[in-house]
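> Chains as they are written, first to last, in the numbering used here: chain V, 1 to 117; chain L, 1001 to 1117.
Idealized CB from N, CA, C, for every residue including glycine.
Remember, it's a predicted structure, so these values are computed and weren't measured experimentally.
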DNA sequence: AGTGTATTTAACATATTGGTTAAATATAGA
DNA sequence: TCTATATTTAACCAATATGTTAAATACACT
């Protein structure tokens, strides 16, 4: 079962260490050692997290001597944003979904309308 | 290790079956059997997916006779949206990043290139 | 060639995930 | 109470994920 791209991205993000790594990379290119420093896990563990992120297309890695600097590639996050955006109206209006739903069926609800994208 | 809320939400979304279930629930409240129908997996498997979604706070379940109708709760998606929104500027500038990356690749010695996976 | 530093791979252990089938539970209705 | 329907739980299995330590690899420098 080859997981689809969106699933791979979501799975990569479902780990606080990996999200922290991405946050760190938002600032600048960082080496593996530097990335590993704040975490209480071994270097190989970090290396594996990086592999997951790389496979998900969320980072790219360069080569500078023996360093493999990592850089953020936010492209896949765009798909996440697009996916979740489809549900915005449900959390915006979650206090009374049924009401909204019925109004939409009637094609006349304006006060809750939310233009997106 | 109790995973944080954001990780739980991302993990719940990292499965195409579960995302399809959420999409279906966007329209209306649906019973487990109706939800299961389009999928080629057993009912217990669907039941377990629902438990994952429920645990992530993405659905709530009612009780109507022997049915357990499921309803979307989009609240956690709001956190996902907020998280991903922090990276919008990075995918907006992703062309530049790709450009930089390609330039660096060009300058690199390829003879040690290994095949991946 | 030999050393130091950075990183990855190998080998392994364990936990979680996602699926199965069979049995159990909950409710409605005759 | 008995039966039918809807759903969950139990027991199990295979695959994947995440961590470890030890060894291998890549590169710069002498």
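Of the residues L:1036, L:1031, L:1052 and L:1048, which one's Cα is nearest the Cα of residue 1065 (chain L)?
Looking up residue 1065 (chain L) in the second chain gives position 65. Per the Cα distances, L:1031.
> Mapping DSSP to helix, strand and coil, what is residue 59 (chain V)?
In the first chain, counting from the first residue as 1, residue 59 (chain V) sits at position 59. Residue 59 (chain V): strand per DSSP, three-state reduction.
> Mapping DSSP to helix, strand and coil, what is residue 68 (chain V)?
Looking up residue 68 (chain V) in the first chain gives position 68. It is coil, neither helix nor strand.
> Quick check on the burial criterion: 16 or more other C-beta atoms within 10 angstroms. Buried or exposed for residue 1076 (chain L)?
Indexing the second chain from 1 puts residue 1076 (chain L) at position 76. Buried is the call here.
> Following the continuous alpha helix (DSSP H) through residue 10 (chain V), name the residue where it begins and the one where it ends.
Walking along the first chain from the start, residue 10 (chain V) turns up at place 10. It spans 5–13 - the alpha helix (DSSP H) in which residue 10 (chain V) sits, taken as one unbroken run.
> Quick one: what's got a C-beta closer than 6 Å to residue 1067 (chain L)'s C-beta in the same chain, skipping five residues either side?
In the second chain, residue 1067 (chain L) corresponds to position 67, counting from 1. Excluding residues within five positions, the ones whose Cβ falls inside 6 Å are 1031.
> Around the C-beta of residue 1080 (chain L), are 16 or more other C-beta atoms found within 10 angstroms, so that it is buried, or is it exposed?
The residue labelled residue 1080 (chain L) in the question sits at position 80 within the second chain. Buried, by the Cβ-count rule.
> Against chain V, which members of the segment 1026–1051 of chain L pass a CB distance test of less than 8 Å?
Those would be 1026 and 1028, in chain order.
> Determine the direct distance from the alpha carbon of residue 1063 (chain L) to that of residue 11 (chain V), and round the result to whole angstroms.
Your numbering for residue 11 (chain V) matches position 11 in the first chain. Your numbering for residue 1063 (chain L) matches position 63 in the second chain. Straight-line Cα distance between these residues: approximately 31 Å.
> Name the residue from V:4, V:44, V:53 and V:3 whose alpha carbon lies nearest to the alpha carbon of residue 20 (chain V).
For the purposes of this step, residue 20 (chain V) is taken as residue 20 along the first chain, with counting starting at 1. Checked all of V:4, V:44, V:53 and V:3; the closest Cα to residue 20 (chain V) is V:53.
> Using a Cβ-Cβ cut-off of 8 Å, state whether residue 1069 (chain L) counts as contacting chain V.
Residue mapping note: residue 1069 (chain L) aligns to position 69 of the second chain, counting from 1. For residue 1069 (chain L), the answer is no, since every Cβ of chain V falls outside 8 Å of its Cβ.
> Straight-line CA distance for residue 1049 (chain L) to residue 1025 (chain L)?
Here residue 1049 (chain L) corresponds to residue number 49 of the second chain, with the count starting at 1. Here residue 1025 (chain L) corresponds to residue number 25 of the second chain, with the count starting at 1. About 13 Å.
> Just how far apart, CA to CA, sit residue 1089 (chain L) and residue 28 (chain V)?
Indexing the second chain from 1 puts residue 1089 (chain L) at position 89. Indexing the first chain from 1 puts residue 28 (chain V) at position 28. If I take the Cα positions, the gap works out to 14 Å.
> When every heavy atom of the ligand FAD is checked, does at least one fall within less than 7 Å of the C-beta of residue 47 (chain V)?
The ligand FAD is absent from the structure shown, which contains no ligand whatsoever.
> For residue 13 (chain V), would you say it is in contact with chain L, using Cβ-to-Cβ distances shorter than 8 Å as the test?
The count along the first chain starts at 1 and reaches residue 13 (chain V) at position 13. So yes, residue 13 (chain V) belongs to the interface.
> Label residue 14 (chain V) either buried or exposed according to how many other C-beta atoms from any shown protein chain fall within 10 Å of its C-beta, with 16 as the threshold for buried.
Mapped onto the first chain, residue 14 (chain V) falls at position 14. Counting Cβ neighbours within 10 Å, residue 14 (chain V) comes out buried, since at least 16 surround it.
> Taking residue 57 (chain V) as the reference, give the member of V:35, V:85, V:74 and V:82 with the closest Cα.
Translated into positions along the first chain, residue 57 (chain V) becomes position 57. Considering only alpha carbons, the answer is V:74.
> Just to make sure I have the definition right: I need the residues of chain L whose C-beta is within less than 7 Å of the C-beta of residue 20 (chain V). Which are they?
Residue mapping note: residue 20 (chain V) aligns to position 20 of the first chain, counting from 1. What residue 20 (chain V) touches in chain L: nothing, since even the nearest Cβ is about 11 Å away.
> Beta-carbon of residue 24 (chain V) versus every beta-carbon of chain L: anything under 8 Å?
The count along the first chain starts at 1 and reaches residue 24 (chain V) at position 24. No, its Cβ sits nowhere closer than 8 Å to a Cβ of chain L.
> What residue does the alpha helix (DSSP H) around residue 30 (chain V) start on, and which one ends it?
Translated into positions along the first chain, residue 30 (chain V) becomes position 30. Here residue 30 (chain V) belongs to no alpha helix (DSSP H), and DSSP marks it neither H nor E.
> Looking at C-alpha atoms only, which residue of V:18, V:51 and V:61 is the closest neighbour of residue 38 (chain V)?
Reading the first chain from its first residue, position 38 is the one you call residue 38 (chain V). Comparing Cα positions, the closest option is V:18.
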